[in-house]
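Asker: Pasting in a structure now, in structure tokens, and then I'll have a few things to ask.
In the numbering used here, the protein residues as written are 30 to 289.
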């Protein structure tokens, strides 16, 4: 997606942090620990507007397979996104599912191939299609099903001279503490920090994803980001020393999602 196009941070408050200079130290370390890897498969589609209704029907039909997979424990979550900010040649829709193993992700994909779901007629109208498989070690969610919520994705790239543990450092000291607070407050339903498990892009790219409970939640996430940068003057320079913001991109979508 490029989602999670491709389902970070709410732009990481891109401008606020990008204006900072460079200092390699965070204000403090936290006790955040990485989790077992979670893999996510994302299928991205550019569907002509006239076929959007058919795409919605196709997505609804897919839930039969995905509901069975989540009930069996094969996957831990699934969903679909409709892009709200369109690019000239970008995708309009995506669908995704997540599992605690690569096998879980691939086994569900094979079910769609075997059932014919991967060759549904509406998918043949796509002007563009691509897939991505991500892996995350920093994530959390509220169990349940959510309709018409909002996913904000930020795509970033580490600088060539960033330390090997740059993403781990940022996740433990910034992303996770921030998102855990927003999750506890009900502002968001899910977050994750992803890298590509299958590198269709150059290594060093990562995305930060959060699913806001409503449109107002998007503003609250932005406020929390700005507040973090304001109260911790070392934060912006530390992140700016590791991330190349010149290639930063955002994605905003309306989402239906289910998490176990």
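C-beta atoms are modelled at their ideal positions from N, C-alpha and C, and glycine is treated no differently. Since the model is a prediction, treat every value here as computed from it, not as a measurement.
Could you give the DSSP three-state label for residue 288: helix, strand or coil?
Answerer: It is a strand residue.
Asker: If you draw a straight line from the alpha carbon of residue 227 to that of residue 62, how long is it in whole angstroms?
Answerer: Answer to the nearest angstrom: the Cα atoms are 24 Å apart.
Asker: Are the beta-carbon atoms of residue 223 and residue 236 separated by less than 9 Å?
Answerer: Yes, Cβ-Cβ distance for residue 223 and residue 236 is below 9 Å.
Asker: Where does residue 63 sit, in a helix, a strand or coil, going by DSSP?
Answerer: Of the three classes helix, strand and coil, the one that applies to residue 63 here is coil, per DSSP.
Asker: With a Cβ-Cβ cutoff of 9 Å, do residue 218 and residue 171 count as a contact?
Answerer: Against a cut-off of 9 Å, the Cβ pair of residue 171 and residue 218 comes out as a contact.
Asker: Taking DSSP's pairing of strands, which residues face residue 294 in a bridge?
Answerer: Missing from the structure shown is residue 294; the chain here goes from 30 to 289 and no further.
Asker: Inspect the beta-carbon positions of residue 246 and residue 187 and report whether they are closer than 9 Å.
Answerer: Their beta carbons are not under 9 Å apart, which means residue 246 does not touch residue 187 by this criterion.
Asker: How is the alpha helix (DSSP H) around residue 148 delimited, first residue to last?
Answerer: Element bounds for residue 148: n/a, residue is neither H nor E.
Asker: Where residue 68 and residue 206 are concerned, what is the direct C-alpha to C-alpha distance, given to the nearest angstrom?
Answerer: Answer to the nearest angstrom: the Cα atoms are 22 Å apart.
Asker: Taking the runs of the beta strand (DSSP E) that are 3 residues or longer, which of them lie wholly in the region 221 to 268?
Answerer: If we require 3 residues or more, the beta strand (DSSP E) runs fully inside the region 221 to 268 come out as 234 to 241.
Asker: List the DSSP bridge partners of residue 170.
Answerer: Partner(s): 219.
Asker: Can you give me the Cβ contacts of residue 253 inside the same chain, cut-off strictly under 8 Å, excluding the 5 residues immediately before and after it?
Answerer: Around residue 253: 207, 210, 211 and 216.
Asker: Should residue 133 and residue 140 be called a contact, given that it needs their Cβ atoms to be closer than 9 Å?
Answerer: Against a cut-off of 9 Å, the Cβ pair of residue 140 and residue 133 comes out as no contact.
Asker: Which one of 121, 135 and 120 has the shortest CA to CA distance from residue 127?
Answerer: Closest option to residue 127, Cα to Cα, is 135.
Asker: Going by alpha carbons, who is nearest to residue 82 out of 180, 114, 184 and 122?
Answerer: If we check each option's Cα against that of residue 82, 122 comes out closest.
Asker: Taking residue 243 as the reference, which of 177, 199, 256 and 197 has the closest Cα?
Answerer: Comparing Cα-Cα distances from residue 243 to each of 177, 199, 256 and 197, the minimum goes to 177.
Asker: Check for me: the beta strand (DSSP E) holding residue 205 runs from which residue to which?
Answerer: No beta strand (DSSP E) contains residue 205, which is instead part of the alpha helix (DSSP H) from 205 to 213.
Asker: Report yes if the C-beta distance between residue 182 and residue 113 is below 9 Å; otherwise report no.
Answerer: No, these two residues do not count as a Cβ contact at 9 Å.
Asker: For residue 283, which three-state DSSP category applies?
Answerer: In this structure, residue 283 counts as strand in the three-state DSSP scheme.
Asker: What separation, rounded to the nearest whole angstrom, lies between the Cα atoms of residue 214 and residue 220?
Answerer: Approximately 13 Å between the Cα atoms of the pair.
Asker: What is the DSSP secondary structure of residue 116, counted as helix, strand or coil?
Answerer: Correct three-state label for residue 116: coil.
Asker: According to the neighbour-count rule (16 or more other Cβ atoms, all chains shown, within 10 Å of its Cβ), is residue 65 buried or exposed?
Answerer: Exposed, by the Cβ-count rule.
Asker: How long is the line joining the alpha carbons of residue 80 and residue 94, rounded to whole angstroms?
Answerer: Cα to Cα, the separation comes out at about 22 Å.
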